[in-house]
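The numbers in numbering that gives the first Met the number 0 rise by one with no breaks, and the one at position 147 of the sequence shown is 146. By construction, the Cβ of each residue, glycine as well, lies at the ideal position given by its N, Cα and C atoms.
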Amino acid sequence: MTAALALVILGVQAQAEPRHGIAMYGDPALPADFTALPYANPDAPKGGRVITGNSGSFDSLNPFVRKGTVPWQLRFFAYESLMGRNWDEPFALYGLLAESIETPEDRSWVEFTLREEARFSDGAPVTVEDVIWSYETLGTVGHPRYLGFWQQVEKIEATGPRSVRLTFNTDNRELALIAGLRPILQKAQFDGKVFEDITLQDVPIGTAPYVISDFEAGRFVTLTRDEDYWGKDLPFRQGTQNFDEIKIDFFGDNAVMFEAFKAGEISYLREFNAEKWAASYDFPLAQSGDIVKSEIPHQKPSGITGFVMNTRRAPLDDIRVRDALMHVFNFEFINDTMTGGRQPRITSYFSGSLLGMEDGPATGRVAEFLTPFADSLPPEALAGYSLPQSNGSVRNRANLRKAMGLMEEAGWTVVDGKMQNAAGEVLSLEILLKQGDTENKAITDIYAKALEGLGADVTITLVDGPQYKLRTNAFDFDLTNYRRAISLSPGNEQLLYWGSEAADQEGSRNLMGVKSPAIDAMIDKMLSSTSQEDFVAATKALDRVLTTGRYVIPIWNYAVGRIAHQKELHYPEQLPIYGDGVEWLPGVWWYQQ
Numbered sequence: 000m001t002a003a004l005a006l007v008i009l010g011v012q013a014q015a016e017p018r019h020g021i022a023m024y025g026d027p028a029l030p031a032d033f034t035a036l037p038y039a040n041p042d043a044p045k046g047g048r049v050i051t052g053n054s055g056s057f058d059s060l061n062p063f064v065r066k067g068t069v070p071w072q073l074r075f076f077a078y079e080s081l082m083g084r085n086w087d088e089p090f091a092l093y094g095l096l097a098e099s100i101e102t103p104e105d106r107s108w109v110e111f112t113l114r115e116e117a118r119f120s121d122g123a124p125v126t127v128e129d130v131i132w133s134y135e136t137l138g139t140v141g142h143p144r145y146l147g148f149w150q151q152v153e154k155i156e157a158t159g160p161r162s163v164r165l166t167f168n169t170d171n172r173e174l175a176l177i178a179g180l181r182p183i184l185q186k187a188q189f190d191g192k193v194f195e196d197i198t199l200q201d202v203p204i205g206t207a208p209y210v211i212s213d214f215e216a217g218r219f220v221t222l223t224r225d226e227d228y229w230g231k232d233l234p235f236r237q238g239t240q241n242f243d244e245i246k247i248d249f250f251g252d253n254a255v256m257f258e259a260f261k262a263g264e265i266s267y268l269r270e271f272n273a274e275k276w277a278a279s280y281d282f283p284l285a286q287s288g289d290i291v292k293s294e295i296p297h298q299k300p301s302g303i304t305g306f307v308m309n310t311r312r313a314p315l316d317d318i319r320v321r322d323a324l325m326h327v328f329n330f331e332f333i334n335d336t337m338t339g340g341r342q343p344r345i346t347s348y349f350s351g352s353l354l355g356m357e358d359g360p361a362t363g364r365v366a367e368f369l370t371p372f373a374d375s376l377p378p379e380a381l382a383g384y385s386l387p388q389s390n391g392s393v394r395n396r397a398n399l400r401k402a403m404g405l406m407e408e409a410g411w412t413v414v415d416g417k418m419q420n421a422a423g424e425v426l427s428l429e430i431l432l433k434q435g436d437t438e439n440k441a442i443t444d445i446y447a448k449a450l451e452g453l454g455a456d457v458t459i460t461l462v463d464g465p466q467y468k469l470r471t472n473a474f475d476f477d478l479t480n481y482r483r484a485i486s487l488s489p490g491n492e493q494l495l496y497w498g499s500e501a502a503d504q505e506g507s508r509n510l511m512g513v514k515s516p517a518i519d520a521m522i523d524k525m526l527s528s529t530s531q532e533d534f535v536a537a538t539k540a541l542d543r544v545l546t547t548g549r550y551v552i553p554i555w556n557y558a559v560g561r562i563a564h565q566k567e568l569h570y571p572e573q574l575p576i577y578g579d580g581v582e583w584l585p586g587v588w589w590y591q592q
């Protein structure tokens with residue numbers, strides 16, 4: 000063996016060795032001997048009960064299939080994965096069910112070694128067979144959000160009594176991390192059953208600190224802290240999962256839930272309306288100090304919140320029509336009416352972060368990435384773009400004139416007060432909302448009047464939760480409310496949100512139905528980037544394509560988390576960069592009188 004070859008082999012071995020954690024780029028911030036997550040209080044007392052509220056209903060306890068409506072918290076409270084996330088880093092994972100992770104420099108494969116002590120809530124050990132079955136089952140008959148990852152797995156195999164390796168068929172650095180976050184289920188629980196048809200009687204058997212102890216379909220789910228939880232001594236779990244009981248109560252709508260909170264029936268409530276936060280939290284329990292208001296800053300991108308336009312349907316497949324509808328949307332007037340002008344607007348999908356598009360023309364690597372697609376992109380993607388702005392008056396005349404001009408360019412004219420195309424068809428739009436969504440209903444009431452001023456026929460349709468899910472899964476809408484949160488380390492989920500392949504998958508998150516080679520290419524560059532510089536440039540380029548495509552009418556940015564809570568609920572002084580996510584509340588909060 001030559002000396003050079005020996006050095007190469009030693010280098011590969013050094014790069015592919017078991018480690019306690021992994022980061023998207025570089026090394027994870029926490030050392031192997033860390034004692035607790037930086038935003039957890041290891042001395043937090045255990046005990047107490049916390050009640051949270053959901054609007055709507057539920058008819059399933061299986062969060063891993065498309066069928067049924069599930070309390071969304073169950074994925075986080077009742078199940079674990081091989082690795083756990085530190086929410087004080089953009090994207091870094093540390094051993095949870097797995098004691099170590101191993102991957103080469105090119106991340107063409109990843110290997111996990113299970114902890115010998117890892118157990119399901121019924122006391123059964125977590126085995127390599129459980130892990131392999133979980134990946135295969137979720138990847139083939141699970142919810143669509145799991146399918147894309149599985150298609151990029153060439154093979155999965157046991158490499159030892161407690162070790163399992165996944166080999167990938169694509170160049171995608173994030174896959175090793177995504178593999179670490181897949182939920183691990185107990186194979187034996189589903190023997191002889193059709194996984195996607197699991198009923199409410201099949202109470203999940205997970206590995207998490209909480210188990211489902213009681214439920215009533217459509218009304219509540221109670222989770223109790225498992226005194227025999229296998230991982231209670233792990234550094235990753237110190238100062239976390241402090242409540243003895245978490246109850247999820249269900250309410251008909253958000254207004255009813257707010258009244259329940261005012262009456263002391265719910266322990267905490269997240270508030271998304273700045274005007275309501277300022278004016279509506281003066282009820283008796285707040286005045287007495289029994290309810291406390293906390294504001295939690297974060298460093299996340301804005302994500303996108305607003306009204307998505309379904310481009311699968313004409314005339315919303317025409318960017319000029321979508322642009323016209325964006326000009327008609329009088330954000331400044333709506334914001335003043337709804338929030339007293341307190342809430343800033345989202346300006347792009349990644350706004351408020353270093354990943355967001357910058358003002359003016361694209362430059363440097365961003366321009367380099369976009370230029371090959373210039374002919375298929377709106378010119379503003381390279382030249383620069385900003386959202387339409389009004390003077391704040393109800394009439395919005397300048398933008399309405401602009402909208403009229405755009406519609407005329409698209410072949411639409413006003414005849415007898417109605418916007419019609421050459422075939423005499425009137426512009427008819429249905430805005431689909433869930434019953435009880437009072438905030439979006441108030442917004443669309445204002446918007447519908449403005450659209451009628453354009454000559455459109457507008458219908459606002461309110462449906463219950465199950466019907467809403469069925470219709471959005473089938474893309475049966477023109478416009479509907481839309482929210483996509485985005486992390487500081489966006490990755491494969493971007494394919495689910497707006498990748499071309501997801502556009503035709505029933506139940507996918509690509510509600511706008513966009514199919515764009517430029518979007519697909521920018522996501523691919525994000526996933527294959529080996530440097531932070533290229534990753535940031537690709538994300539900025541993606542932001543430009545999404546924003547200038549006029550797929551979503553954005554509303555306000557939730558730059559600060561607002562949580563009203565019982566005075567007995569406390570949280571650590573150090574806050575994670577991701578702010579008030581579900582794994583922070585109730586994850587590291589505690590009860591103390």
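query	result
Name the DSSP bridge partner or partners of E110?	E101, R164
Using the C-alpha atoms, what's the distance from A520 back to R114?	39 angstroms
Can you tell me the Cα-Cα spacing of L137 and R118, whole angstroms?	20 angstroms
With a Cβ-Cβ cutoff of 8 angstroms, do I333 and G52 count as a contact?	no
Hey, would you say S56 sits closer than 8 angstroms to G435, going by beta carbons?	no
Return helix, strand or coil for G363, following the three-state DSSP convention.	helix
Does the count of Cβ pairs from the region 451-465 and the region 420-432 closer than 8 angstroms reach three?	yes
Under a three-way DSSP split, which group does G83 fall into?	strand
Which of the three DSSP states, helix, strand or coil, is assigned to M308?	strand
What does the alpha-carbon distance come out to for the pair S530 and F90?	14 angstroms
Decide if the region 22-35 is in contact with the region 77-91; the criterion is three or more beta carbon pairs, one per stretch, under 8 angstroms apart.	yes
Mapping the DSSP letters down to three states, classify P664 as helix, strand or coil.	No answer is possible for residue 664: it lies beyond the span of the chain, which begins at 0 and ends at 592.
Tell me whether L426 is buried or exposed, calling it buried when 16 or more other Cβ atoms sit within 10 Å of its Cβ.	buried
Quick one: Cα of S99 to Cα of A39, how far?	22 angstroms
Measure the alpha-carbon distance for D243 versus P585 and round it to whole angstroms.	11 angstroms
So does the region 537-554 actually touch the region 272-279, counting three or more Cβ pairs closer than 8 angstroms?	no
Go ahead and pull the three-state DSSP assignment for T223.	strand
What are the residues that DSSP puts in a beta bridge with M418?	V413
How about the region 462-481 and the region 59-76: do they share at least three Cβ pairs that are nearer than 8 angstroms?	yes
Where do the ends of the alpha helix (DSSP H) carrying G404 lie?	396-408
Assuming D58 and L222 are in contact, meaning their beta carbons sit under 8 angstroms apart, how far apart are those beta carbons, in whole angstroms?	That pair is no contact at about 18 angstroms.
List the DSSP bridge partners of H569.	W589
Which residues bound the alpha helix (DSSP H) around P283?	283-286
In angstroms with no decimal places, state the Cα-to-Cα distance between T239 and G498.	36 angstroms
Using the C-alpha atoms, what's the distance from T304 back to R139?	Checking the displayed sequence, the identity of residue 139 turns out to be Thr instead of Arg. For T139 and T304, the distance between alpha carbons rounds to 31 angstroms.
By DSSP's criteria, I211 is part of a beta bridge. Which residues make up the other side?	L222
Using the rule of at least 16 other Cβ atoms within 10 Å of the residue's Cβ for burial, across every protein chain shown, is T310 buried or exposed?	buried
Once you ignore the five residues that flank G383 on each side, which residues in its own chain have a CB closer than 8 angstroms to its CB?	D358, G359, P360, A361
Would you mind working out which of A43, A31, R18, R218 sits nearest L568, comparing C-alpha positions?	A43
Keeping to the same chain, check which residues put their C-beta closer than 6 angstroms to that of T166; ignore five residues upstream and five downstream.	W108, E153, K154
Can you give the Cα-Cα distance for M256 and L95, rounded to whole angstroms?	35 angstroms
In chain order, what residues of the same chain have a beta carbon less than 7 angstroms from the beta carbon of T338, not counting five sequence neighbours either side?	N272, A273, E274, W555
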